[in-house]
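Beneath this line is the structure, given in structure tokens, with notes to follow.
4 protein chains.
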Amino acid sequence: MTDNISADRLRLFIERIERLEEEKRGIADDIKDVFAEAKATGFDAKAMRVVIRLRRMEKHHRDEMDAIVDTYRAALGMA
Amino acid sequence: MTDNISADRLRLFIERIERLEEEKRGIADDIKDVFAEAKATGFDAKAMRVVIRLRRMEKHHRDEMDAIVDTYRAALGMA
Amino acid sequence: MTDNISADRLRLFIERIERLEEEKRGIADDIKDVFAEAKATGFDAKAMRVVIRLRRMEKHHRDEMDAIVDTYRAALGMA
Amino acid sequence: MTDNISADRLRLFIERIERLEEEKRGIADDIKDVFAEAKATGFDAKAMRVVIRLRRMEKHHRDEMDAIVDTYRAALGMA
Numbered sequence: 001m002t003d004n005i006s007a008d009r010l011r012l013f014i015e016r017i018e019r020l021e022e023e024k025r026g027i028a029d030d031i032k033d034v035f036a037e038a039k040a041t042g043f044d045a046k047a048m049r050v051v052i053r054l055r056r057m058e059k060h061h062r063d064e065m066d067a068i069v070d071t072y073r074a075a076l077g078m079a
Numbered sequence: 001m002t003d004n005i006s007a008d009r010l011r012l013f014i015e016r017i018e019r020l021e022e023e024k025r026g027i028a029d030d031i032k033d034v035f036a037e038a039k040a041t042g043f044d045a046k047a048m049r050v051v052i053r054l055r056r057m058e059k060h061h062r063d064e065m066d067a068i069v070d071t072y073r074a075a076l077g078m079a
Numbered sequence: 001m002t003d004n005i006s007a008d009r010l011r012l013f014i015e016r017i018e019r020l021e022e023e024k025r026g027i028a029d030d031i032k033d034v035f036a037e038a039k040a041t042g043f044d045a046k047a048m049r050v051v052i053r054l055r056r057m058e059k060h061h062r063d064e065m066d067a068i069v070d071t072y073r074a075a076l077g078m079a
Numbered sequence: 001m002t003d004n005i006s007a008d009r010l011r012l013f014i015e016r017i018e019r020l021e022e023e024k025r026g027i028a029d030d031i032k033d034v035f036a037e038a039k040a041t042g043f044d045a046k047a048m049r050v051v052i053r054l055r056r057m058e059k060h061h062r063d064e065m066d067a068i069v070d071t072y073r074a075a076l077g078m079a
């Protein structure tokens with residue numbers, strides 16, 4: 001790096017990213033903790049994940065997907 | 001690497017892994033092609049993925065998960 | 001869900017996880033923004049990621065890895 | 001599904017994808033086996049992965065990346 005200014009700027013960018021990644025890892029751990037807490041209370045983590053994924057969908061889209069999946073399950077003898 | 005034998009052995013391992021990774025990428029492309037073909041026929045790729053994931057589960061486990069998810073959806077007003 | 005208490009508790013767990021996942025997505029976007037800012041300043045995002053990955057390693061471990069990779073590169077004619 | 005033909009067609013697509021996914025999992029296991037074999041021979045799996053990733057790059061691109069990473073490492077006191 002030809003001059004110190006660029007080196008300092010690079011360091012600032014790198015350290016900003018590292019702090020954000022650290023924060024992200026912290027939140028990922030918090031999510032794990034909440035699932036563990038729910039599990040200890042008797043809830044099923046896998047089923048909770050399915051429901052969370054469904055809640056992210058618009059209701060009309062979710063209803064449409066439900067209908068298609070049910071149709072495919074029936075067609076494949078999985079109803 | 002102190003001697004040519006190790007260098008050759010390393011190359012053999014690396015090339016074996018590269019061939020396998022190449023093969024794996026080829027199959028991933030084939031899977032994409034089948035989904036595209038199904039989509040062109042009018043099937044819904046996302047719903048197919050849900051059904052394929054469900055088919056990987058044992059029937060009794062799948063029934064249990066269905067029941068729990070339905071219970072949670074009802075409890076959250078998503079039935 | 002037999003009683004309202006469990007339904008409420010499930011909702012609380014689900015909403016806590018959703019808020020944390022929302023926060024995590026926000027931070028992932030922030031990370032992307034910083035890389036974009038660095039790129040606009042003339043830095044190379046891929047090289048920055050390599051350096052960030054290396055900085056996560058203990059120095060002695062990093063030096064050891066450097067030495068092994070250099071040896072392997074030389075053995076494979078990639079020096 | 002209104003008629004049996006679509007149900008059969010859906011089943012065929014699903015079974016083709018399942019066979020390909022099975023094949024892909026098999027190859028992923030083979031890759032793990034080769035790494036384990038190399039490790040048992042004394043090679044370092046992580047360093048091998050770094051080298052394999054570098055070999056996937058065009059030589060001129062690899063040389064360019066090497067130069068940038070070295071510059072950044074020097075700028076950050078990681079040379």
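Chains as they are written, first to last, in the UniProt record's numbering: chain A, 1 to 79; chain B, 1 to 79; chain C, 1 to 79; chain D, 1 to 79. Ideal Cβ positions, reconstructed from N, Cα and C, are used throughout, including at glycine.
When the Cα atoms are used, what is the spatial distance from residue i to residue j?
i             : j             : result
residue 30(A) : residue 9(C)  : 18 Å
residue 70(A) : residue 79(A) : 7 Å
residue 18(B) : residue 4(D)  : 43 Å
residue 49(D) : residue 64(B) : 41 Å
residue 73(A) : residue 42(D) : 50 Å
residue 25(D) : residue 11(C) : 37 Å
residue 60(C) : residue 67(C) : 11 Å
residue 58(C) : residue 51(C) : 13 Å
residue 13(C) : residue 20(B) : 43 Å
residue 77(C) : residue 23(B) : 24 Å
residue 33(A) : residue 16(B) : 41 Å
residue 28(B) : residue 56(D) : 18 Å
residue 75(C) : residue 47(A) : 50 Å
residue 37(A) : residue 37(B) : 44 Å
Counting only beta-carbon atoms, is residue i nearer than 8 Å to chain A?
i             : result
residue 76(D) : yes
residue 20(C) : yes
residue 44(B) : yes
When you compare the CB of residue i with every CB in chain B, is at least one pair closer than 8 Å?
i             : result
residue 68(C) : no
residue 40(A) : no
residue 47(C) : no
residue 7(C)  : yes
So which residues of chain B does residue i contact, with C-beta pairs closer than 7 Å?
i             : result
residue 24(D) : 24, 27 and 28
Going along the chain, which residues of its own chain have a beta-carbon closer than 6 Å to the beta-carbon of residue i, five neighbours each way excluded?
i             : result
residue 35(A) : 45
residue 39(D) : 45
residue 54(A) : 62
Whose Cβ in chain D lies nearer than 7 Å to the Cβ of residue i?
i             : result
residue 11(A) : 76
When the cut-off is 8 Å and only beta carbons count, does residue i lie next to chain D?
i             : result
residue 50(B) : no
residue 14(A) : yes
Which chain D residues are close to residue i, counting only those with a beta carbon under 8 Å from its beta carbon?
i             : result
residue 55(C) : 76 and 78
Any beta carbon of chain E sitting closer than 8 Å to that of residue i?
i             : result
residue 65(A) : Among the chains of the structure shown, chain E does not appear; the protein chains present are A, B, C and D.
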